[in-house]
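What follows is one structure encoded as C-alpha cells, with my remarks underneath.
Numbering (my numbering), first residue to last: 59 to 487.
Rendered as C-alpha cells:
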C-alpha cells in the first residue's frame with residue numbers, strides 16, 4: 059500500500075466535523091478502496107475552546123488556518139466559507155505550496171474559480187469541489203468526466219433546498235411565502251438571513267460552476283439573470299397546478315448559436331416530469347448530453363452526510379492520483395461566456411393579471427399581447443364579488459421573453475390593471 063494521504067481540515071462546522079468523523083470511522087474501508095490510508099493530520103477552526111467530538115480532539119490543532127498551507131500534509135480541505143478573505147487566501151497559498159485542495163465553497167469558486175484552477179495547474183496539484191454543488195449528487199464529476207462524449211447542451215436544476223422546501227410547503231398548505239419562510243427559519247430549514255437562498259444568489263453560484271463545467275467558460279455570475287421566489291404567491295401555485303404544472307426555482311444554463319443563456323428564476327415545470335416531482339429540501343439536475351440523451355440526478359443537496367460524502371469522494375480521487383484540470387479543460391482554455399441576447403430566449407409563459415372586473419378588460423389585454431405577436435394557448439378567468447379585482451391567467455404559445463416583457467410594460471400602464479403583471483417561463487422537466 060502507498061504512503062498515507064495526509065489531510066488538513068480547515069473549518070469544523072457541520073460538514074467539517076462530518077468529514078473528520080467519516081475519515082476516522084471508515085478508515086479501513088477507505089484505505090482499501092483508495093489503495094492508501096486517508097489520515098486527518100491537522101485541523102483548524104475559529105474556536106479552539108469549543109468542545110469537540112473524540113475523533114476531532116485527538117487530531118493535532120493549528121491556530122492559524124494559513125499555517126495549513128505550510129504544514130506537512132498533502133491535501134487541504136477548505137470548509138471555512140466566504141467568497142474572499144481567509145478562505146481565498148488559504149486555497150491560493152495551499153495550491154502555491156504544492157498542496158491539493160478540496161473545497162465546498164461555491165461562492166468563492168463562482169468568483170475566483172478560473173484563477174484558482176490556473177494556480178493549481180501551474181503547481182501540478184488538484185482543485186476539487188464536488189461538494190460545492192448539490193450536496194452529495196455527483197454532478198461535478200459527471201459533467202467534468204462522464205458526459206463528455208457528445209458534449210452538454212444545457213444544464214437545468216433545482217439547486218437550493220431551502221427554496222424547494224418553501225415552494226413545496228406553499229403548495230401543500232396554501233400558505234404565503236412569508237409565513238412558510240418564517241416557519242422554515244424556526245425549524246432550521248432556512249437561515250435567519252435567508253436572502254442568498256430565496257433571492258436566487260446561492261443557486262446562481264452553483265449554476266456558474268455547472269455552466270463552466272458544461273461549456274468550458276470561466277465561472278461567473280455577472281451575465282446571469284437572477285430572480286428569487288419572494289414574489290411567488292399561493293394563487294400562482296394554485297393556478298399552475300390547475301394548468302398541470304408546478305413552480306420550481308430553477309437554475310438554467312443553455313448553449314445557443316448566439317451565446318449562453320444563464321438564468322435563475324421561478325419556472326413552470328410540467329407535472330409528472332422528473333424535476334416537477336422533486337419535493338422538500340432535495341436537489342436535482344438534468345444534463346442534456348447530446349446524442350447520449352438527458353441524464354437526471356437527484357439527492358440531498360445539503361447537510362452533514364451528503365456534503366461530507368462529496369468531500370470524501372474528492373479525497374478518494376486525489377488519493378488515487380486523479381488530479382486533472384479543475385473544470386475539465388486547461389484553465390488557459392476557459393473562455394469568457396458570451397450572453398445570449400434577450401431576443402434569443404424563447405419559451406411559453408404563464409401570465410397573471412389582477413384587473414378590474416369590467417367589460418373590455420380581457421380584450422384590451424389580448425390586444426396588447428397580439429400587438430407583440432404573442433398568442434394564447436389557454437386561459438382562466440374567474441369573477442369575484444362586485445367591486446373586487448379579478449385574476450386573468452394565461453399560458454402563451456412559445457415566444458421570446460423580450461416580446462412578453464415589452465407587452466407587459468404596456469399592459470402595466472393600463473388603469474384597468476391593478477398591480478404589476480406576473481410572468482413565469484415554462485421549462486421542460
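Where is the CB? At the ideal position from N, CA and C, for every residue including glycine.
Extent of the continuous alpha helix (DSSP H) run through residue 243: Residue 243 sits at position 185 when you count from the first residue of the chain shown. Where residue 243 is concerned, the enclosing alpha helix (DSSP H) stretches over 235-245.
Sub-8 Å separation of residue 70 and residue 97 beta-carbons: As a position in the chain shown, residue 70 is number 12, starting the count at 1. As a position in the chain shown, residue 97 is number 39, starting the count at 1. Taking 8 Å as the Cβ cut-off, residue 70 and residue 97 do not qualify as a contacting pair.
Contacting residues, own chain, Cβ-Cβ under 7 Å from residue 416 (five flanking each side not counted): As a first step, residue 416 must be located in the chain shown, where it is residue number 358. 474.
Pairwise C-alpha distance: residue 76 and residue 363: Your numbering for residue 363 matches position 305 in the chain shown. Your numbering for residue 76 matches position 18 in the chain shown. Cα atoms of residue 363 and residue 76: separation of roughly 7 Å, rounded to the nearest angstrom.
Separation of residue 305 from residue 331, as counted between CA atoms: Within the chain shown, numbered from 1, the residue matching residue 331 stands at position 273. Within the chain shown, numbered from 1, the residue matching residue 305 stands at position 247. Their backbone Cα atoms lie some 12 Å apart in a straight line.
Three-pair Cβ contact test at 8 Å for the segment 87-106 versus the segment 119-127: yes
Residue environment, residue 360, which counts as buried when at least 16 other CB atoms sit within 10 Å: Taking the first residue of the chain shown as 1, we reach residue 360 at position 302. That one is buried.
Nonlocal neighbours in the same chain, by C-beta distance under 8 Å from residue 234, ignoring five residues either side: As a position in the chain shown, residue 234 is number 176, starting the count at 1. Result list for residue 234: 228, 291 and 292, in chain order.
Residue 385, DSSP secondary structure in three states: Within the chain shown, the letter at position 327 stands for residue 385. Three-state DSSP puts residue 385 in coil, outside helix and strand.
The segment 307-321 touching the segment 246-262, judged by at least three CB pairs closer than 8 Å: Between the segment 307-321 and the segment 246-262 there are three or more inter-stretch CB-CB distances shorter than 8 Å, so the stretches are counted as touching.
Simplified DSSP assignment, three categories, for residue 472: For the purposes of this step, residue 472 is taken as the residue at position 414 of the chain shown. DSSP, reduced to helix, strand and coil, places residue 472 outside both helices and strands of the structure shown, so it counts as coil.
Reduced DSSP category for residue 447 - H, G, I as helix; E, B as strand; rest coil: Position 389 of the chain shown holds residue 447. The answer is strand: DSSP assigns residue 447 an E or B state.
Secondary structure of residue 426, DSSP reduced to three states: If you number the chain shown from 1, residue 426 lands on position 368. Helix.
Continuous alpha helix (DSSP H) stretch holding residue 73: start and end: Translated into the one-based positions of the chain shown, residue 73 becomes position 15. From DSSP, the alpha helix (DSSP H) with residue 73 extends over 72-83.
Nonlocal neighbours in the same chain, by C-beta distance under 7 Å from residue 400, ignoring five residues either side: Indexing the chain shown from 1 puts residue 400 at position 342. Correct list, in chain order: 459 and 460.
Residue 348 versus residue 420: straight-line alpha-carbon distance, rounded: Within the chain shown, numbered from 1, the residue matching residue 348 stands at position 290. Within the chain shown, numbered from 1, the residue matching residue 420 stands at position 362. Residue 348 and residue 420: Cα-Cα distance of roughly 42 Å.
Segment contact flag, the segment 213-227 with the segment 245-255, C-beta cutoff 8 Å, min 3 pairs: yes
Distance, residue 351 Cα to residue 408 Cα: Numbered from its first residue, the chain shown carries residue 408 at position 350. Numbered from its first residue, the chain shown carries residue 351 at position 293. For residue 408 and residue 351, the distance between alpha carbons rounds to 27 Å.
Separation of residue 294 from residue 217, as counted between CA atoms: The sequence position of residue 217 within the chain shown is 159, counting from 1. The sequence position of residue 294 within the chain shown is 236, counting from 1. Each residue's Cα considered, the two are about 21 Å apart.
Residue 114 and residue 80 closer than 8 Å at C-beta: Numbered from its first residue, the chain shown carries residue 114 at position 56. Numbered from its first residue, the chain shown carries residue 80 at position 22. No, these two residues do not count as a Cβ contact at 8 Å.
At least 3 beta-carbon pairs within less than 8 Å: the segment 315-333 vs the segment 183-195: Contact fails: fewer than three Cβ-Cβ distances are below 8 Å.
Beta-carbon proximity check, residue 484 vs residue 325, cutoff 8 Å: Locating residue 484 in the chain shown gives position 426, counting from the first residue. Locating residue 325 in the chain shown gives position 267, counting from the first residue. Contact: yes.
Cross-strand partners of residue 439 (DSSP beta bridge): The residue you call residue 439 lines up with position 381 of the chain shown. Answer by DSSP bridge pairing, in chain order: 450.
Helix, strand or coil at residue 324 [DSSP, three-state]: For the purposes of this step, residue 324 is taken as the residue at position 266 of the chain shown. It is a strand residue.
Status (buried if at least 16 other CB within 10 Å, exposed otherwise) for residue 184: Stepping through the chain shown from its first residue, residue 184 is reached at position 126. Residue 184 comes out buried.
For residue 231, three-class secondary structure by DSSP: Stepping through the chain shown from its first residue, residue 231 is reached at position 173. Residue 231 falls in the helix class under three-state DSSP.
Contact between the segment 260-277 and the segment 163-181 (3+ Cβ pairs under 8 Å): With the cut-off at 8 Å, the segment 260-277 and the segment 163-181 touch.
CB of residue 345 within 8 Å of CB of residue 167, strictly: Residue numbering aside, residue 345 sits at position 287 when the chain shown is read from its first letter. Residue numbering aside, residue 167 sits at position 109 when the chain shown is read from its first letter. Not a contact, by the Cβ cut-off of 8 Å.
Residue closest to residue 470, alpha-carbon to alpha-carbon, out of 300, 376 and 412: In the chain shown, residue 470 corresponds to position 412, counting from 1. Of 300, 376 and 412, the residue nearest in Cα terms is 412.
Check whether residue 285 and residue 318 have beta carbons under 8 Å apart: Taking the chain shown and counting its residues from 1, the one referred to as residue 285 is at position 227. Taking the chain shown and counting its residues from 1, the one referred to as residue 318 is at position 260. No, they are not a contact pair.
Burial state of residue 427 (16 or more Cβ within 10 Å): Residue 427 sits at position 369 when you count from the first residue of the chain shown. Looking at its Cβ environment, which holds 16 or more other Cβ atoms inside 10 Å, residue 427 is buried.
Assigned secondary structure, residue 400 (DSSP; H/G/I helix, E/B strand, else coil): As a working note, residue 400 is residue 342 in the chain shown. It is helical.
Chain-order list of residues whose beta-carbon lies under 6 Å from that of residue 254 (same chain, five-residue window excluded): As a working mapping, residue 254 is identified with position 196 in the chain shown. Hits under 6 Å: 260.
The beta strand (DSSP E) enclosing residue 305, as first and last residue numbers: Taking the first residue of the chain shown as position 1, residue 305 is located at position 247. Here the beta strand (DSSP E) through residue 305 covers 303-314.
8 Å Cβ shell around residue 127 - same chain, five flanking residues per side excluded: For the purposes of this step, residue 127 is taken as residue 69 along the chain shown, with counting starting at 1. Here the set comprises 134, 148, 151, 152, 154, 155 and 157.
7 Å Cβ shell around residue 398 - same chain, five flanking residues per side excluded: Locating residue 398 in the chain shown gives position 340, counting from the first residue. In chain order, 314, 316, 317, 318 and 319 place their CB closer than 7 Å to the CB of residue 398, counting only its own chain and leaving out the 5 sequence neighbours on each side.
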